[in-house]
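Engineer: Residues 36 to 203 (the working numbering) are what the sequence shown spells out, left to right. Where a beta carbon is used, it is the ideal one built from N, C-alpha and C, also for glycine.
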Amino acid sequence: MVSGKAAIDWPTFFKDYEAAVDAPVCFYFEELLQAFPEAKVILTVRDPKEWHKSLKGLIRVSNRMRPFGYVVPKLGRFLDLTFELLDKFMPGFETYDQDAFVQFFNEHNAAVKRIVPEDRLLVFQVKDGWEPLCTFLDCEVPQDIPFPRLNTGMLGPETKMRQVFNIK
36 MVSGKAAIDW
46 PTFFKDYEAA
56 VDAPVCFYFE
66 ELLQAFPEAK
76 VILTVRDPKE
86 WHKSLKGLIR
96 VSNRMRPFGY
106 VVPKLGRFLD
116 LTFELLDKFM
126 PGFETYDQDA
136 FVQFFNEHNA
146 AVKRIVPEDR
156 LLVFQVKDGW
166 EPLCTFLDCE
176 VPQDIPFPRL
186 NTGMLGPETK
196 MRQVFNIK
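#1: Over what stretch of residues does the beta strand (DSSP E) that includes Thr79 continue unbroken?
#2: For Leu67, does the count of other Cβ atoms within 10 angstroms reach 16, so buried, or fall short, so exposed?
#3: Quick check: what's the CA-CA separation for Ile150 versus Pro126?
#4: Can Leu121 and Phe128 be called in contact, C-beta distance under 7 angstroms?
#5: Apart from the five residues on each side of it in sequence, which residues of its chain come closer than 8 angstroms, Cβ to Cβ, to Arg155?
#6: According to DSSP, Leu156 sits in a beta bridge with which residue or residues?
#7: Have a look at Val137, Gln69, Glu166 and Glu53 and flag the residue whose alpha-carbon is nearest the alpha-carbon of Pro181.
#8: According to DSSP, is Glu175 part of a helix, a strand, or is it coil?
#9: Give me, in chain order, the residues of the same chain whose beta-carbon lies closer than 7 angstroms to that of Gly104; leave out the 5 immediate sequence neighbours on both sides.
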């Protein structure tokens with residue numbers, strides 16, 4: 036997925052899934068649009084400087100956890116993938132250069148808006164909650180269920196680790 040040596044068979048890759056979020060799939064949105072021409076795309080937007088702060092936190096936590104990757108192979112593979120993706124899509128990420136990160140963020144979002152057909156794109160802010168999301172996905176708005184906010188500040192890396200280890 037990272038090396039680019041072989042084309043990815045996206046329909047096979049996602050055969051048991053209905054949706055995908057975040058990295059690494061967000062980096063491959065153009066290929067995914069070709070593989071799934073009717074797919075809906077949700078571009079979650081936020082303040083670029085806050086995104087930089089969050090990503091910088093993820094990188095720092097991931098760096099501190101690298102030694103544990105030798106003891107816990109699944110963690111090691113997750114961290115390797117994280118750093119390979121960062122290196123491929125954001126060369127020089129180790130500098131934590133806010134201007135470079137913000138430029139990448141803005142260019143990525145602009146590309147998504149330019150390439151994804153308008154009728155299949157929702158530009159979404161988490162603070163807007165269920166309504167625009169459910170309207171776009173043509174499903175009912177959950178009643179009495181607060182909208183989840185899992186990727187806030189340093190909770191983001193914790194959430195990622197829970198996903199890696201399948202911890203509820």
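Structural biologist: Concretely, from the data shown:
#1: Val76 to Thr79
#2: buried
#3: 23 angstroms
#4: yes
#5: Excluding sequence neighbours, Arg155 sits near Glu73, Ala74, Lys75 and Val76.
#6: Val76
#7: Glu166
#8: Of the three classes helix, strand and coil, the one that applies to Glu175 here is coil, per DSSP.
#9: Closer than 7 angstroms at the Cβ level, and outside the excluded window around Gly104, lie Leu110, Gly111 and Leu114.
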